[in-house]
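Engineer: So that we are looking at the same thing, I have put the structure below in C-alpha cells.
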Amino acid sequence: MSTLTLPDPARDHISGSADGPVRLLEYGDYECPACGAAQPIVKEIQRRLGDDLCFAFRHFPLTRIHPHSEHAAEAAEAASAQGDFWIMHHALFENQKALEDADLAMYAAELGLDGARLIREVTSSAYALRIREDIRSGLRGGVNGTPTFFIDGARYDGAIDLEHLVSALAIRA
Amino acid sequence: MSTTPTNSGHSSILSPGLRAPDFSLRCKPDQSISLSELRGRSVILAFYPADWSPVCGDQMALYNEILDQFQEFQAELLGISVDGAWCHAAYARQNKLRFPLLADFEPKGAVARAYGVYNQTEGVCERALFVIDPDGLVHWSYVSPVGINPGANGILSALEDLKTKSESAVASQ
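Just so you know, the sequences run in chain order A and B. Residue 30 in my numbering sits at position 30 of the first sequence, and the numbers go up by one each step. Residue 27 in my numbering sits at position 27 of the second sequence, and the numbers go up by one each step.
What follows is the structure, given as C-alpha cells:
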C-alpha cells in the first residue's frame, strides 16, 4: 500500500478528525459532474462517522475536458490561504456550472473573503505547484479518473453510492 | 486492491522481452501509423474495448490530460480499439484527444490477437497496456480487470524503469 494515498495532515486539507481511525481521501475536480454527485454522499458519510473519519481532498483537475477546473482548484487554495478551504470547496461544488473567474470572485465576496486578492492569486496561478503535487501523487497512487477515493490508502473501486462506500468504510472502522 | 498494477495472470498476453509485432493501422480515415516507424522511441499501446463507453472515456481523458508526462519520457501514446476510423475521429473530436486512436477494424481485432489481448466472447480488445522500448521489445504489459480503468501509474513506472535502464546502459559504455 502506498503512503502517497493516505491523508497527510501536514499538507492536506482535512475535514473531521486528523487522527480519526477511518481515513478517506478524495481526488476530485470542481467541474466534474461525477464529483459533484459524490458530494452529498461524502457529506452524509461525514455526518455518520463524525470524529471517526479523517477526510482529505486533493485536486485532480481534468483541464482538457473541464476548462474551468484549474481556476476553481486555485480558488479553493486561495480561500485556504485566507483561512477557509472548505467553505469555498462546498461553494464550488454547489455551483459547478458557474465557475468563470467573475463567479469565483463573487463567491469569495459572498463568503466574506477578500475577492480581489483571491482572483489575483487565481489568475497568477499562485497555487499551481501544489495542484501539480496533488495530481502527481494521484497519478502515482493509482487515480484513474474523478472522483477517485482511497480508503486507508487503498483505491476504492466499488460503486460511488452511499451504501457501498459506507460498507467499504465500515470494514476499516 | 493493490494500487500498483502487476500482471493479472493472462497467459496469452505478450510478455516483457518479446518483440512487439509490427502493425499498420488507420489513425484517420485517410492515414495510417505503423509501429515500426516509431522505432527509436518508447511507445505506449493502450488497447481498450470501445469508443464512447464510460470507463474507456475516463481512461482516454486521463491519458489526454497527462500526455506531457508521457512526452517527458519521449514516449508516444497510441490508443487501439476495434472501432472504425470514422468512429475514432468523432470520439477524438468530442473529447479533444491529442493522441492517435488506431482502428483494429479489418481484419477485426487482428492486432489485439497478435498481442494476446483480444476478447473473443465480446468481440473487442481487452483493456490492456503495453510499454514498448525504443528497440521494439515489450518492456511491460498489463491487462486490467473488466470495467476497471487501470490509470497511469503502471505506465509511468514502466517508463521510469526504461529510462533508468537506458541511462545505466549509456553510463557503462
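By construction, the Cβ of each residue, glycine as well, lies at the ideal position given by its N, Cα and C atoms.
#1: Helix, strand or coil: which one does DSSP assign to tryptophan 86 (chain B)?
#2: Given cysteine 27 (chain B), which residues of its chain have a CB within under 6 Å of its CB, disregarding the five upstream and five downstream residues?
#3: Straight-line CA distance for alanine 85 (chain B) to valine 111 (chain B)?
#4: If you measure between the beta carbons of cysteine 54 (chain A) and glycine 83 (chain A), is that distance less than 8 Å?
#5: Taking the beta carbon of glutamate 163 (chain A) as the centre, do at least 16 other beta carbons fall within 10 Å, making it buried, or is it exposed?
#6: From leucine 174 (chain B) to phenylalanine 150 (chain A), what does the alpha carbon distance come to, in whole angstroms?
#7: Rounded to whole angstroms, how far is the Cβ of valine 117 (chain B) from the Cβ of alanine 158 (chain B), which I believe are closer than 8 Å?
#8: Quick check: the Cα distance between arginine 11 (chain A) and phenylalanine 60 (chain A), rounded to an integer number of angstroms?
#9: Straight-line CA distance for glycine 9 (chain B) to alanine 126 (chain A)?
#10: Which residues in chain A have a C-beta closer than 8 Å to the C-beta of proline 150 (chain B)? List them in chain order.
#11: Helix, strand or coil: which one does DSSP assign to serine 34 (chain B)?
#12: Measuring straight from C-alpha to C-alpha, what distance separates asparagine 7 (chain B) and arginine 117 (chain A)?
#13: Which of the residues in the stretch 56-78 of chain A, read from start to end, lie with their CB under 7 Å from any CB of chain B?
#14: Could you check what DSSP says for lysine 96 (chain B) in three-state terms: helix, strand or coil?
#15: Could you check if asparagine 31 (chain B) is buried or exposed, using at least 16 other CB atoms within 10 Å of its CB as the buried criterion?
#16: Give me the DSSP bridge partner(s) of cysteine 54 (chain A).
#17: Just how far apart, CA to CA, sit alanine 90 (chain B) and leucine 97 (chain B)?
#18: Confirm, please, whether the CB-CB distance from leucine 35 (chain B) to aspartate 22 (chain B) is below 8 Å.
#19: Check each candidate in A:Ala102, A:Cys35, A:Thr3 and name the one with the smallest Cα separation from threonine 123 (chain A).
#20: Listed in chain order, which residues of the stretch 140-171 of chain A have Cβ atoms closer than 9 Å to some Cβ of chain B?
#21: Interface residues of chain A around lysine 179 (chain B) at Cβ under 9 Å?
#22: Name, please, each residue of chain A whose Cβ falls closer than 9 Å to the Cβ of glutamine 59 (chain B).
#23: Please compile the residues from chain A whose C-beta is within a distance smaller than 8 Å of the C-beta of isoleucine 44 (chain B).
Structural biologist: Straight from the coordinates:
#1: helix
#2: Excluding the 5 residues flanking it on each side, cysteine 27 (chain B) has same chain C-beta neighbours closer than 6 Å at Ile33, Pro100, Leu102, in chain order.
#3: 15 Å
#4: no
#5: exposed
#6: Outside the displayed span of chain B (1 to 173) sits residue 174 (chain B), for which this structure offers no information.
#7: 16 Å between Cβ atoms; not a contact.
#8: 16 Å
#9: At glycine 9 (chain B) the pLDDT is 43, less than 50, meaning the model places this residue with poor confidence; the figure from the coordinates comes in the next sentence. Going by the C-alpha atoms only, they are around 46 Å apart.
#10: Asn144
#11: The answer is strand: DSSP assigns serine 34 (chain B) an E or B state.
#12: Low confidence applies to asparagine 7 (chain B): its pLDDT is 48, below 50, so where it sits in the model is not reliable, and the reading given next is rough at best. Roughly 49 Å between the two C-alpha positions.
#13: Leu62, Thr63, Arg64, Ile65
#14: coil
#15: Checking the sequence shown, residue 31 (chain B) turns out to be glutamine, not asparagine. So glutamine 31 (chain B) ends up on the exposed side.
#16: Bridge pairing for cysteine 54 (chain A): A:Gly16, A:Arg23 [DSSP].
#17: Straight-line Cα distance between these residues: approximately 10 Å.
#18: yes
#19: A:Ala102
#20: Answer set for the stretch 140-171 of chain A: Arg140, Gly141, Gly142, Val143, Asn144, Gly145, Thr146, Thr148, Phe150, Gly153, Ala154, Arg155, Tyr156, Asp157.
#21: Coverage of chain B is limited to positions 1 through 173, which leaves residue 179 (chain B) absent and any answer about it impossible.
#22: Asn144, Gly145
#23: The contacting residues do not exist; isoleucine 44 (chain B) stays about 14 Å from chain A at best.
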